[in-house]
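Structure, as structure tokens:
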Amino acid sequence: MKPLLTAEKLVKSFGGVRAVDGISFAIGEGRCAALLGPNGAGKTTTIRMLAGLLRPTEGRIAFTGLPERSDIRAHIGYLPQSPSFYGWMSGREYMMYAGRLCGLRAADAKRTADELLARVGLAGAGRRRIATYSGGMKQRLGLAQALVHRPKLLVLDEPVSALDPVGRREVLELLKELKRETTILFSTHVLPDAEELCDDIMIVRDGRIVVQGSLPDIRERYREPVITVRTERDEASLEWVKRRAGKAGGPVVSALPFEDGIRFAVSDLDAARRLLLREMADEGVKVARIEAGYSTLEDVFMKAVST
Amino acid sequence: MRGLAAMLGKEWLELARSWKWLWVPLVFILLGIMQPVSYYFLPQLLDAAGNLPEGAVISIPLPSGGEILAGTLEQYGIFGALIIALSFMGAVSQERNTGTGALILVKPVSPAAFVLSKWLAMAALVAASLAAGYAASWYYTVVLIGPVAVGNAMAGAALYALWLLVVGSSALMFSALWKSPAAAAFSALGTFAALALLTSLFPRQLAWSPGRLPAASRELLLEGAAGSLWPTVAVTALCVIGSVLIAVRAVRAHPAD
Ligand SMILES: Nc1ncnc2c1ncn2[C@@H]1O[C@H](COP(=O)(O)OP(=O)(O)OP(=O)(O)O)[C@@H](O)[C@H]1O
Ligand SMILES: [Mg+2]
Numbered sequence: 005m006k007p008l009l010t011a012e013k014l015v016k017s018f019g020g021v022r023a024v025d026g027i028s029f030a031i032g033e034g035r036c037a038a039l040l041g042p043n044g045a046g047k048t049t050t051i052r053m054l055a056g057l058l059r060p061t062e063g064r065i066a067f068t069g070l071p072e073r074s075d076i077r078a079h080i081g082y083l084p085q086s087p088s089f090y091g092w093m094s095g096r097e098y099m100m101y102a103g104r105l106c107g108l109r110a111a112d113a114k115r116t117a118d119e120l121l122a123r124v125g126l127a128g129a130g131r132r133r134i135a136t137y138s139g140g141m142k143q144r145l146g147l148a149q150a151l152v153h154r155p156k157l158l159v160l161d162e163p164v165s166a167l168d169p170v171g172r173r174e175v176l177e178l179l180k181e182l183k184r185e186t187t188i189l190f191s192t193h194v195l196p197d198a199e200e201l202c203d204d205i206m207i208v209r210d211g212r213i214v215v216q217g218s219l220p221d222i223r224e225r226y227r228e229p230v231i232t233v234r235t236e237r238d239e240a241s242l243e244w245v246k247r248r249a250g251k252a253g254g255p256v257v258s259a260l261p262f263e264d265g266i267r268f269a270v271s272d273l274d275a276a277r278r279l280l281l282r283e284m285a286d287e288g289v290k291v292a293r294i295e296a297g298y299s300t301l302e303d304v305f306m307k308a309v310s311t
Numbered sequence: 040m041r042g043l044a045a046m047l048g049k050e051w052l053e054l055a056r057s058w059k060w061l062w063v064p065l066v067f068i069l070l071g072i073m074q075p076v077s078y079y080f081l082p083q084l085l086d087a088a089g090n091l092p093e094g095a096v097i098s099i100p101l102p103s104g105g106e107i108l109a110g111t112l113e114q115y116g117i118f119g120a121l122i123i124a125l126s127f128m129g130a131v132s133q134e135r136n137t138g139t140g141a142l143i144l145v146k147p148v149s150p151a152a153f154v155l156s157k158w159l160a161m162a163a164l165v166a167a168s169l170a171a172g173y174a175a176s177w178y179y180t181v182v183l184i185g186p187v188a189v190g191n192a193m194a195g196a197a198l199y200a201l202w203l204l205v206v207g208s209s210a211l212m213f214s215a216l217w218k219s220p221a222a223a224a225f226s227a228l229g230t231f232a233a234l235a236l237l238t239s240l241f242p243r244q245l246a247w248s249p250g251r252l253p254a255a256s257r258e259l260l261l262e263g264a265a266g267s268l269w270p271t272v273a274v275t276a277l278c279v280i281g282s283v284l285i286a287v288r289a290v291r292a293h294p295a296d
């Protein structure tokens, strides 16, 4: 894999707080990578350093695979978490402006603007003032303006988080298309988006990468037997879940409670099943559902970002 | 200076869409006309007020044309500077606060062009407004009051153009340094009001300061001479250039919030 972008030991401190605390990764050319993490993990901070809006406190960002001495900004398309535009411009004017800023001639800028507006579904609204756009329309305009110079790398900060299910679907489909043309790095706090689009994921927490690799790789590497128990919400059951949380021993490797149940990572599926079933019967736990199998990506994610 | 032409176009359009191209020159024109017209009608106004004793003859000596124009420029020096500072107090900080600037500065453009486009738009607005307002004032002065010495009247206006430019440039600089537009306007206006005051208190020691521009302009119009102005003009030009350079550095170091 030839890396397009390499980040080495990136650190960003705000005052005393290390929002990003030594992140290293490489993004291969033509790949789609996701920065996955909960609120406050440091995704936006990382992305803003890549876009050149923040200077890293420590560490290095290198774009290999780009011509020497060229302005790296000419090869990156950036969409911020909540893009803001000049409300007095029309969408089409803004696109033309963005094109001119990237060095297109007026005629080319006009043609590109119309093409991209059509592509993101804003052809009809192109002549309206941006101030009248809905949040979803602004997000799509943000995506269009990031594409105006056919960037080698698209850096998108939570491109779908602010959208309704329909808008989200549309943008995800658009990204699937774009993925064939260019390298993409995007951030998200929900796994399904990453799972649907990405080749590689990096799970971030508290400014550090805790899990990193290609999707099949991670599935393989973190595959472990799990038993998931859902209970009714009566006192005895809730009490048991609370007592069991975090307690390992015997075939049980870890126990992670969630809203209406608890998830056990185990070393021996049969032994653990026997142990837990007996224990629940003894304690009068009202089991709603019990499931034994292998961990999903969701389990890996939940485990990585909790505790 | 990559992106300068495009960004200048955007600034230009923004001045038009926010109607600043209309109302700023209009305010200058109104201020300009008010001086000659109010002096011209002053005797009639006093007459109409009519509470003077019978037989009293009103004889207010009409001021000279130069005096009227000096008065107009003084208005520009205060209200014009206020309008310019208020118009550009958020030039950079608003782009940072709202995030519009981030979207521009991640593109392959030079931060210097980003600042310079705003400066050029400001300078153009200052020049156009001052020219329009002063022309109107001059016309009514000549028609209603009397002739003016062309050379001195031009030079006097040029000094005020410099004054407005240095105030506007510093408003732009402070808008790149500080988050709050109000603080930027206050700093720019405060700095130059203080400078003008200090210069009037210590005229000899501070003869080179930009604070001398208003007084020098007045002397030119009233007395026809103001001594050597080159040090003042040179220092003011340096202030303007320095403001722009500091703003560029601030944008480069801190493109987004
Ligand atoms: N300008 C700043 N000054 C101080 N602290 C900051 C600043 N920007 C971010 N932080 C802190 O850095 C941490 C990471 O923030 P960041 O915005 O990168 O998180 P995120 O992963 O993008 O979260 P979200 O999903 O909520 O967007 C947070 O604790 C945040 O409070
Ligand atoms: Mg974020």
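Sequences listed follow chains A and B, in order.
If you're matching positions, the first sequence starts at 5 in our numbering and goes up one per residue.
If you're matching positions, the second sequence starts at 40 in our numbering and goes up one per residue.
Each residue gets a CB set at the ideal place from its N, CA and C atoms; glycine is no exception.
For residue 218 (chain B), the closest of B:130, B:252 and B:282 by C-alpha to C-alpha distance is B:130. Within 10 angstroms of the beta-carbon of residue 298 (chain A) lie fewer than 16 other beta-carbons, which makes it exposed. The C-alpha of residue 218 (chain A) is placed about 10 Å away from the C-alpha of residue 224 (chain A).
In chain order, 31, 37 and 159 place their CB closer than 6 Å to the CB of residue 189 (chain A), counting only its own chain and leaving out the 5 sequence neighbours on each side. Annotated as proximal: residue 142 (chain B) and residue 87 (chain A), with beta-carbon spacing under 9 Å. Not a single CB atom of chain B sits nearer than 9 Å to the CB of residue 222 (chain A). Contacts with chain B at 9 Å (Cβ-Cβ) do not include residue 30 (chain A).
For residue 163 (chain A), the CB stays at least 8 Å from every heavy atom of ligand 1. When distances are taken from the beta-carbon of residue 49 (chain A) to the heavy atoms of ligand 1, the shortest one is below 8 Å.
Not a single C-beta of chain B is nearer than 9 Å to the C-beta of residue 36 (chain A). Among the residues of the segment 83-97 of chain A, those with a Cβ less than 7 Å away from any Cβ of chain B are 84, 87, 88, 89, 90 and 92, in the order of the chain. The shortest C-alpha to C-alpha distance from residue 220 (chain A) to any of A:236, A:199 and A:233 is the one to A:199. In the DSSP assignment, residue 38 (chain A) falls within the unbroken beta strand (DSSP E) covering 36-40. Within chain A, the C-beta atoms nearer than 7 Å to that of residue 56 (chain B) come from 92, in chain order. Beta-bridge annotation (DSSP): residue 218 (chain A) is paired with A:204.
Short of 8 Å from the beta carbon of residue 283 (chain B), and not among the five residues preceding or following it, lie these beta carbons of its own chain, in chain order: 154, 155, 158, 208, 211 and 212. In terms of Cβ geometry, residue 100 (chain A) and residue 78 (chain A) do not form a close pair [threshold 9 Å]. Residue 195 (chain B) is positioned such that its CB atom lies closer than 9 Å to that of residue 109 (chain B). Between residue 174 (chain A) and residue 107 (chain A), the gap from beta carbon to beta carbon reaches 9 Å or more. Listed in chain order, the non-local C-beta contacts of residue 152 (chain B) below 8 Å within the same chain comprise 40, 41, 42, 43 and 46, local neighbours out to five positions each way being set aside. Annotation: residue 121 (chain A) has no Cβ neighbours in chain B at a cutoff of 7 Å; minimum Cβ distance is about 16 Å. Think of a sphere of 7 Å around the beta carbon of residue 106 (chain A): the chain B residues whose beta carbon falls inside it are 146 and 147, in chain order. Per DSSP, reduced to three states, the secondary structure at residue 114 (chain A) is helical. In this structure, ligand 1 has a non-hydrogen atom nearer than 8 Å to the beta-carbon of residue 193 (chain A). Residues of the segment 53-71 of chain A whose Cβ lies closer than 9 Å to any Cβ of chain B, in chain order: 55, 56, 57, 58 and 59. If you draw a 10 Å sphere on the C-beta of residue 244 (chain B), you find fewer than 16 other C-beta atoms in it, and that means exposed.
Look at residue 95 (chain A): its beta carbon is at least 8 Å from all of the heavy atoms in ligand 1.
Taking a Cβ-Cβ cut-off of 9 Å, residue 216 (chain A) has no neighbours in chain B, whose nearest Cβ is about 26 Å from it.
For residue 59 (chain B), no Cβ of chain A is located within less than 9 Å of the residue's own Cβ. Distances from the CB of residue 85 (chain A) to the heavy atoms of ligand 2 include at least one below 8 Å.
Residue range 47-54 is occupied by the alpha helix (DSSP H) that includes residue 48 (chain A).
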